[in-house]
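Those letters in the first sequence? Residues 1 to 209, per full-length UniProt numbering, in order. See below for the structure under consideration.
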Amino acid sequence: MQPDLFGPRDDILAPGAMILRGFAAQPEILAEVTRIAAVSPFRHMQTPGGRPIGVEMTNCGALGWVSDRGGYRYQAQDPLTGRPWPPMPAGFVALAGAAAARAGFPGFRPDACLINRYVPGVKMGLHQDRDEADLGAPIVSVSLGLPATFQFGGPERRDPVAKHGLAHGDVVVWGGPARLNWHGILTLKPGEHPATGAARINLTFRRAR
DNA sequence: GAGTGTCC
DNA sequence: GTGC
1 MQPDLFGPRD DILAPGAMIL RGFAAQPEIL AEVTRIAAVS PFRHMQTPGG RPIGVEMTNC
61 GALGWVSDRG GYRYQAQDPL TGRPWPPMPA GFVALAGAAA ARAGFPGFRP DACLINRYVP
121 GVKMGLHQDR DEADLGAPIV SVSLGLPATF QFGGPERRDP VAKHGLAHGD VVVWGGPARL
181 NWHGILTLKP GEHPATGAAR INLTFRRAR
């Protein structure tokens, strides 16, 4: 058993990384996602090599993460609509800030929220989040809908990875010494969730600049 | 430039 | 699971 230093619903993954169990189960979050996707729809992006990325993505906030033949980057315009991404809802900013503070990173003000939609059979391979200008800010990742297995390793690609189950409402926060740790999501298993149907929605809050 | 994918 |  882990010692109860942070509360019965928190798991420590590594120094600077923790899971806040059930921190983000409010139904308003998914209502906001629906509104965002009505303006900037979910779409498949491509790797710079031209291969399709399995998850469907959209963004809200001042900056959105995009990938295409031109590379990985953050930009203010949605390439699909040519317009700015939908603004980040105030509730998202507050939720991400509260989660970060609880995990030991006070003052987090995200300017980017990448929204990923997983369906059964889709995964995200091990990678680092390193496209952000401000690596001093943490990453806040909210899981909604179908459960998934999260892999979390270390700062080197060869470091061992541990697996952690993520359920609806769980929030993973990592920063400081864990900010560049490798992570990914195993292939989503078939299922249905009352809040999302046959899908998992992930919100990733970042300070991109 | 690219590996959020695919091959061995 | 690994290296690319």
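Ideal Cβ placement from N, Cα and C applies to all residues, glycine included.
| query | result |
| --- | --- |
| Taking 8 Å as the threshold (C-beta atoms), are L186 and P155 in contact? | no |
| Can you give me the Cβ contacts of V39 inside the same chain, cut-off strictly under 6 Å, excluding the 5 residues immediately before and after it? | P86 |
| According to DSSP, I53 sits in a beta bridge with which residue or residues? | Partner(s): none; I53 has no beta bridge. |
| In this structure, what does DSSP give as the bridge partners for M124? | I185 |
| Excluding the 5 residues preceding and the 5 following M57 in the sequence, name in chain order all residues of the same chain whose CB lies nearer than 6 Å to its CB. | M45 and N116 |
| Starting from the Cα of G104, find the closest Cα among V172, F42 and V93 and give me that residue. | V172 |
| Any idea what DSSP makes of G176, helix, strand or coil? | helix |
| Along the alpha helix (DSSP H) that carries A100, what are the first and last residues, could you check? | A90 to R102 |
| Using 10 angstroms around the beta-carbon of G71, count the other beta-carbons present and answer buried if the total reaches 16, otherwise exposed. | exposed |
| For T58, name the three-state secondary structure that DSSP assigns. | strand |
| Return the CA-CA distance between A96 and R69, expressed in angstroms with no decimal places. | 31 Å |
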